[in-house]
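These notes are about the structure you will find just below.
Residue numbers (the numbering used here), protein chains in the order written: chain L, 5 to 295; chain W, 11 to 297.
Have a look at this one:
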């Protein structure tokens with residue numbers, strides 16, 4: 005047993021060392037700086053001024069709360085639509101039909117695509133002179149580019165939502181396909197033989213079976229879209245601004261005092277994500293206990 | 011009635027597929043067109059101009075083997091970025107696999123105290139947003155002298171990649187039977203030979219998928235490279251971002267195509283693994 009113990013410690017310490025020094029070290033130092041500890045400009049006192057400034061000062065409060073609202077709106081809506089779209093796709097594609105393999109490939113196509121490229125792609129497709137606007141003009145739906153709705157770089161985050169739907173639906177799709185494959189068709193056939201109709205089979209057989217994986221995938225997607233920088237940086241506007249973009253701009257501000265505010269903001273983002281993940285674990289754990 | 015419903019379903023699937031592939035079509039039209047004015051759906055003139063400006067293809071009249079070689083050896087930004095991206099991706103992938111192998115083996119095969127906590131610690135970088143650690147780490151790296159260095163960028167890429175590789179490979183080892191190793195050892199094989207002949211072939215398929223996706227995670231990092239590289243280490247995502255902000259669609263499209271090329275290649279290569287094996291899919295949300 006002693007040999008095992010040494011083996012465990014030796015095997016686990018290199019990755020843990022990297023995570024502790026780089027990841028937790030970075031968070032810790034960011035936290036210290038958010039409290040105003042900045043040796044670079046001779047500031048050593050600890051206080052919550054940066055948090056207060058970001059959330060309640062006249063200068064930033066509006067930017068922060070609209071940003072938070074935009075963050076929640078974008079993450080909830082994009083996660084929900086991407087999951088629903090992928091569920092529909094997976095359920096339909098699972099049945100054999102002509103071009104099944106091709107559709108399978110297209111629906112997982114965005115899985116390895118970098119978010120950055122998906123965001124750029126949204127500009128090419130959804131801008132007012134983009135591919136979709138051109139198609140609509142050719143069909144005769146619209147006459148001039150200005151008749152096409154503003155969907156990228158818009159105030160409501162539509163472009164950001166679209167980008168996350170494009171990208172994350174592939175992730176949901178792959179997860180759902182592997183769950184559905186492992187389930188087989190037995191449950192459904194059983195339900196059908198007992199007289200369940202299409203909707204009942206979906207609502208009472210398939211949905212409960214895929215829900216656990218769909219829910220955990222949703223948490224990953226939600227957490228990601230809540231804290232990611234690239235997509236809102238390309239597809240967003242200056243006001244309202246998503247929180248990661250705001251934090252990054254604070255940080256790049258040549259005024260070193262703004263740095264604490266940037267750090268405070270990134271800590272707030274991390275905190276919200278963490279609270280959501282803890283709620284998720286608490287929910288799933290208590291559900292497992294009930295079952 | 012049911013048949014009609016099925017037909018509508020199929021058409022909806024095709025429509026979805028069409029929408030999903032639309033950005034890709036837009037990239038190719040933009041990258042190979044010349045003066046693609048508004049209502050035109052198909053460009054009137056095809057051109058390689060964007061690629062020439064990008065310095066990936068030589069000017070007309072110089073498109074011989076020597077012409078390509080001369081252009082690429084003159085080390086334009088795109089080639090620099092490509093070489094950096096590939097080198098960083100390969101180094102980080104190999105290092106993370108070497109570090110992750112023993113850890114994943116222990117986590118997948120043995121039960122011990124604190125195992126759950128250790129897995130939780132390993133997962134945390136894949137859940138918490140990168141902006142939470144990289145701002146602080148950036149200041150640390152400046153004081154340690156890693157900022158703006160190749161080494162610093164490789165180190166920071168390990169943070170999102172290593173947890174992914176460890177978790178994926180833990181899944182592989184959880185389904186792995188170490189008894190074959192004991193048999194090989196009793197038959198006289200040494201440790202190295204046992205690993206090479208028994209362990210490696212068993213874990214190789216999953217490991218290759220993990221490695222390819224680890225490479226992709228590194229390949230698509232923008233924020234970490236930008237902050238830690240301090241503008242000195244140019245990689246493809248940085249180039250895509252700055253070109254997209256400058257607003258030249260043809261050039262942006264051309265760089266984007268270069269940028270997504272390995273992604274599509276890897277998807278084609280792994281598509282048969284990915285749909286069957288869910289262990290390797292756990293970290294995809296990060297790319």
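Don't be surprised by glycine CBs; every beta carbon is placed ideally from N, CA and C.
Check: Starting from residue 69 (chain L), trace the alpha helix (DSSP H) both ways and give me its first and last residue.; Outcome: 65-98
Check: Please list the partners that residue 176 (chain W) has in chain L, where partner means a Cβ-to-Cβ separation under 7 angstroms.; Outcome: 19
Check: My assumption, with CB atoms under 8 angstroms, is that residue 110 (chain W) sits in contact with residue 172 (chain W). Please give the rounded CB distance.; Outcome: 6 angstroms
Check: Suppose the cutoff is 6 angstroms on Cβ atoms and the five residues either side in sequence are ignored; what does the same chain contact list for residue 223 (chain L) look like?; Outcome: 284
Check: Are the segment 212-221 of chain W and the segment 179-199 of chain W in contact at 8 angstroms, needing three or more beta carbon pairs?; Outcome: yes
Check: Check the C-beta distance from residue 162 (chain W) over to residue 238 (chain W) and give it rounded, since I have them as a contact under 8 angstroms.; Outcome: 5 angstroms
Check: Beta-carbon within less than 6 angstroms of residue 58 (chain W)'s beta-carbon, same chain only, minus the 5 sequence neighbours each way: which residues are those?; Outcome: 67
Check: Taking only three categories from DSSP, how would you classify residue 47 (chain L)?; Outcome: strand
Check: In chain order, what are the residue ranges of uninterrupted alpha helix (DSSP H) at least 4 long that sit wholly in the segment 34-110 of chain W?; Outcome: 59-63, 75-83
Check: Buried or exposed: residue 115 (chain W), going by 16 or more other Cβ atoms within 10 Å of its Cβ?; Outcome: buried
Check: Can you find a heavy atom of the ligand FAD that lies under 8 angstroms from the Cβ of residue 40 (chain L)?; Outcome: Among the ligands in the structure shown, none appear at all, so the ligand FAD cannot be discussed.
Check: Would you mind sorting residue 14 (chain W) into buried or exposed? The rule is 16 or more other CB atoms within 10 Å of its CB.; Outcome: exposed
Check: With C-beta atoms as the reference, is residue 86 (chain W) less than 9 angstroms away from residue 56 (chain W)?; Outcome: no
Check: By DSSP, does residue 196 (chain L) sit in helix, in strand, or in coil?; Outcome: helix
Check: In terms of alpha-carbon separation, which member of W:95, W:20, W:117 lies closest to residue 234 (chain W)?; Outcome: W:95
Check: If we ignore side chains and look at the alpha-carbon of each, how far apart do residue 153 (chain L) and residue 130 (chain L) end up?; Outcome: 9 angstroms
Check: Which of the residues in the segment 114-126 of chain W, read from start to end, lie with their CB under 8 angstroms from any CB of chain L?; Outcome: 115, 116, 117, 120, 122
Check: Per the DSSP calculation, residue 42 (chain L) is bridged to which residue(s)?; Outcome: L:47
Check: From the DSSP output, in three-state form, read off residue 212 (chain W) for me.; Outcome: helix
Check: So that I know if they touch, is there some Cβ in chain W lying closer than 9 angstroms to that of residue 195 (chain L)?; Outcome: no
Check: Starting from the beta carbon of residue 50 (chain W), find every residue of chain L whose beta carbon is closer than 8 angstroms, and list them in chain order.; Outcome: 138
Check: Mark residue 282 (chain L) as exposed unless 16 or more other C-beta atoms lie within 10 angstroms of its C-beta, in which case mark it buried.; Outcome: exposed
Check: By a C-beta neighbour count over all protein chains shown, 10 Å radius and 16 as the cutoff for buried, is residue 277 (chain W) buried or exposed?; Outcome: buried
Check: Measure the C-alpha to C-alpha separation of residue 5 (chain L) and residue 21 (chain L) and round it to an integer number of angstroms.; Outcome: Residue placement at residue 5 (chain L) is flagged as unreliable, the pLDDT there being 49, under the threshold of 50; a coordinate-derived value is accordingly withheld.
Check: From this set, L:191, L:230, L:225, L:228, which residue's C-alpha is nearest residue 212 (chain L)'s C-alpha?; Outcome: L:191
Check: Is there at least one Cβ from chain L nearer than 9 angstroms to residue 82 (chain W)'s Cβ?; Outcome: no
Check: Using three-state DSSP, classify residue 195 (chain W) as helix, strand or coil.; Outcome: helix
Check: Can you confirm whether the segment 89-107 of chain L touches the segment 16-25 of chain W when touching is taken to mean that 3 or more C-beta pairs between the two stretches lie within less than 8 angstroms?; Outcome: yes
Check: Please give me, in chain order, every unbroken run of the alpha helix (DSSP H) with length at least 4 that falls completely inside the segment 171-229 of chain L.; Outcome: 190-197, 202-205
Check: Please report the straight-line C-alpha distance between residue 273 (chain L) and residue 218 (chain W), rounded to a whole angstrom.; Outcome: 34 angstroms
Check: According to DSSP, simplified to helix, strand and coil, what is residue 127 (chain W)?; Outcome: helix
Check: Between the Cα of residue 218 (chain L) and the Cα atoms of L:288, L:45, L:69, which residue gives the shortest distance?; Outcome: L:288
Check: Pull out every residue of the segment 162-190 of chain W whose Cβ sits closer than 8 angstroms to any Cβ of chain L, in chain order.; Outcome: 165, 166, 168, 169, 172, 173, 176
Check: Express the C-alpha separation of residue 41 (chain W) and residue 54 (chain W) in angstroms, rounding to a whole number.; Outcome: 14 angstroms
Check: Would residue 50 (chain L) and residue 41 (chain L) qualify as a contact pair, given that the criterion is a beta-carbon distance under 9 angstroms?; Outcome: yes
Check: In the segment 46-64 of chain L, which residues sit with their C-beta less than 7 angstroms from some C-beta in chain W, listed in chain order?; Outcome: none
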